[in-house]
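Take a look at the structure set out below.
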Amino acid sequence: MTLLDTPARDIRPVTAPPPKAMRLVDHFELGLDAPICLTWELTYACNLSCVHCLSSSGRRDPRELSTEECKAVIDELERMQVFYVNIGGGEPTVRSDFWELLDYATAHHVGVKFSTNGIKITPEVAAKLAANDYVDVQISLDGATAEVNDFVRGPRSYETALRALQNLSDAGMRNFKISVVCTRQNIPQLDEFKAIADRYGAQLRLTRLRPSGRGADVWDELHPTQAQQRELYDWLVAHGEDVLTGDSFFHLSAYGQALPGLNLCGAGRVVCLIDPIGDVYACPFAIHEEFLAGNVRGEGGFRDVWQNSELFTRLREPQSGGACTSCQFFDTCKGGCMAAKFFTGLPLDGPDPECVQGYGEELLAGRKDKIEIPKHSGDHSHRTSPPRPRTGMGPVRVTLSRREDLQAPPVSACAEDPLAGFTAAAASDFATKE
Amino acid sequence: MSTIDPESAWQLHPQVSVRPEPFGALLYHFGTRKLSFLKDRTLLTVVEGLSDAPNARAACDAAGVSPEHVPTYLRALGTLVDSRMLVERAA
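Quick note, the sequences are listed as chains C and E, same order.
First residue of the first sequence? That's 9 in my numbering, and the numbers climb one at a time after it.
First residue of the second sequence? That's 1171 in my numbering, and the numbers climb one at a time after it.
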């Protein structure tokens, strides 16, 4: 389960007699009539090229949903009583109709939490956001220092994010989120992240690095070591409900005490993803045809995909724990994250690649050399990706010269001049003829 | 877990949205951004009836809660008060 930022203390099953035998989690495993919340990536366009982008974003997709189509989706979410959407991308604020859609959603009782790198969060925008109770903002920051952050997110992205935090804080917004993807480099900075959040009156949100999108290319290098996972778990337990996790670390519950949250994979059961072109996937970390349930442009719209797609129906059936069933921790970790297994080439009914018992590592090591690891569908990376050296580029040296083999500039096919392409013979030629 | 006075009157916080589900209901508070669950359809009827009932006890009666179970429901409502899902109004 991802995306459900609800600390356990706040998930209060309010019971009254007669007591029901079924736990809430059991209901969720069977799926709900509508998602509790969903992720909606509005555009693949982005001003950055983060090396771990889970949606391989960069360039806008020409098939992107139009403003009117987006509004129709919002109307449907309102009818289905979806409380709020997590809007992301790409960088959603680069869509020129972003603020219009934001206002439209909140006016139609669909709350919005959007993720941004902060590029458009000016003091004016911050003031507007602070005035809307139905909007929450999440600024992405993957390092507590510019050095660590910019290594992953690109030159000067730290500065952009901190300016946005300052603007939100100055506008009087409180409890907006600072969203951190935990990596090998930033796990030693957890306390510093907390200090930054406290400084701006924000709330810290830690999520898991997944081998999705471009994340697959850097996962081996950036995913936390086994020792760091333990460190992270202890830190999360110590900070309890102060720190949000979007339920993304439920695989760490096998260390002992369950972490706050629902601790289940919500893919297709209580969450899903709508991508910029309207495709509906089971989970934001699994943009691959294997997890594609349908498209909101279809006849029945989003509701039909959510309620009737063959894929979601299958995900709501009891899942086999496979190789994990015999593990004593299966009840707490449920085999971990489906997307993480899929994009590292591990079987879906086996352990998570970051299984705390080390079973995932064994499997990763034992993979055959020629194994076909599934690739993310539809790469929208900037064509300059993988980008220039990450430390910034020096001057590009260019030499201008004339090509020896060309006598004159090439002639365009559209040239209308009757003398186009005509070159007068050299005077010496006439001399020879005479 | 706190309980509420049966003679007091309550209503849902204006920023709370209720979505009925087969198991009960989901409640979402847009101010606190917290989610809560009602694990029981009867409790949902009680909560929905609060604003029209003169007091909490009357809302329980109207939902068909038998007198011996009323204290349990009042405790459940107390939990919702703690999470600011319900606000008191003049009886």
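The beta carbon of each residue, even a glycine, is placed where N, CA and C say it ideally should be.
Integer Cβ distance of residue i from residue j, believed to fall under 8 Å
i	j	result
C:Ile282	C:Ser385	Contact doesn't hold; Cβ gap of about 15 Å is too wide.
E:Val1257	E:His1183	5 Å
C:Asp357	C:Gly374	The Cβ separation is near 16 Å, so there is no contact.
C:Glu258	C:Leu244	A small correction: the amino acid at residue 258 of chain C is Phe; Glu does not occupy that position in the sequence shown. Between C:Leu244 and C:Phe258 the Cβ distance is about 11 Å, and since that is not below 8 Å, they are no contact.
E:Asn1225	E:Ala1179	5 Å
C:Asn125	C:Ser148	5 Å
C:Pro292	C:Thr47	4 Å
Backbone secondary structure at residue i - three-state DSSP
i	result
C:Val251	coil
C:Pro268	coil
C:Asn94	strand
C:Asn316	helix
C:Asp41	coil
C:Cys291	coil
C:Asn194	coil
C:Pro27	Since pLDDT at C:Pro27 reaches only 41, below the 50 mark, its modelled position is unreliable, and no value is offered.
C:Glu99	coil
C:Glu380	coil
C:Ser261	helix
C:Thr352	coil
C:Glu49	strand
C:Gly309	helix
C:Gly223	helix
C:Ala301	strand
C:Leu62	coil
C:Leu281	strand
Enclosing beta strand (DSSP E) for residue i [first to last residue]
i	result
E:Ser1206	Lys1204 to Leu1208
E:His1199	Gly1194 to His1199
C:Ser123	Gly119 to Thr124
C:Ser187	Lys185 to Cys190
E:Leu1182	Ala1179 to Leu1182
C:Asp144	Val143 to Ser148
E:Glu1258	Leu1256 to Arg1259
C:Leu212	Gln211 to Arg216
E:Gly1234	Looking at the DSSP string, E:Gly1234 is not in any beta strand (DSSP E), and its letter there is neither H nor E.
Residue i at chain C interface by Cβ criterion, 8 Å
i	result
E:Gly1201	yes
E:Leu1205	yes
E:Leu1196	yes
E:Ser1187	yes
E:Glu1218	no
E:Arg1191	Before going further, note that residue 1191 of chain E is Glu rather than Arg in the sequence given. So, interface residue.
Same chain, Cβ closer than 7 Å to residue i, five either side skipped, listed in chain order
i	result
C:His388	Tyr52, Ser64, Ser65, Gly66, Arg67 and Asp69
C:Ser379	It should be pointed out that residue 379 of chain C corresponds to Ile in this sequence rather than to Ser. Hits under 7 Å: Gly353.
E:Leu1196	Arg1189, Leu1205 and Phe1207
E:Thr1202	Arg1254
E:Ala1232	Gly1219 and Ala1223
C:His116	Ile82, Asp83 and Glu86
is_contact[residue i, chain E] using C-beta, thresh 8 Å
i	result
C:Gln89	yes
C:Ile147	no
C:Leu466	No information on residue 466 of chain C is available, as it lies outside the stretch 9 to 442 that chain C covers here.
C:His116	no
C:Asp255	no
C:His35	yes
C:Tyr112	no
C:Asp144	yes
C:Ile44	yes
C:Gly119	yes
C:Leu32	yes
C:Asp83	no
C:Leu272	no
C:Leu40	yes
C:Ala150	Reading off the sequence shown, one finds Asp at residue 150 of chain C, where the question assumed Ala. Output row for C:Asp150: interface = no.
8 Å Cβ shell around residue i - same chain, five flanking residues per side excluded
i	result
E:Gly1194	Phe1207, Leu1208, Lys1209, Asp1210, Arg1211, Leu1213 and Leu1214
C:Cys61	Cys54, Gly221, Arg222, Gly223 and Ser389
C:Leu217	His60, Val189, Cys190, Thr191, Gly223, Trp227, Leu230, His231 and Pro232
E:Pro1241	Thr1173
Unbroken alpha helix (DSSP H) run spanning residue i, endpoints
i	result
C:Ile204	Leu198 to Arg207
E:Arg1189	Looking at the DSSP string, E:Arg1189 is not in any alpha helix (DSSP H); the run it does join, the beta strand (DSSP E), is Val1186 to Glu1191.
C:Asn175	Ser165 to Asp178
C:Asn157	Ala154 to Arg161
E:Leu1160	Residue 1160 of chain E lies beyond the stretch modelled for chain E, which goes from 1171 to 1261, so this question has no answer here.
E:Ala1246	Val1240 to Asp1252
C:Ala115	Phe106 to Ala115
C:Ala134	Pro131 to Ala138
Residues near residue i in its chain [Cβ-Cβ closer than 6 Å; skip 5 each side]
i	result
C:Ile381	Gly353
C:Phe299	Tyr289 and Ala290
C:Glu200	Ala152
C:Leu371	Leu354
Contact test: residue i Cβ vs the ligand NAD heavy atom, cutoff 7 Å
i	result
C:Asp199	Questions concerning the ligand NAD fall outside what the structure shown contains, since it holds no ligand whatsoever.
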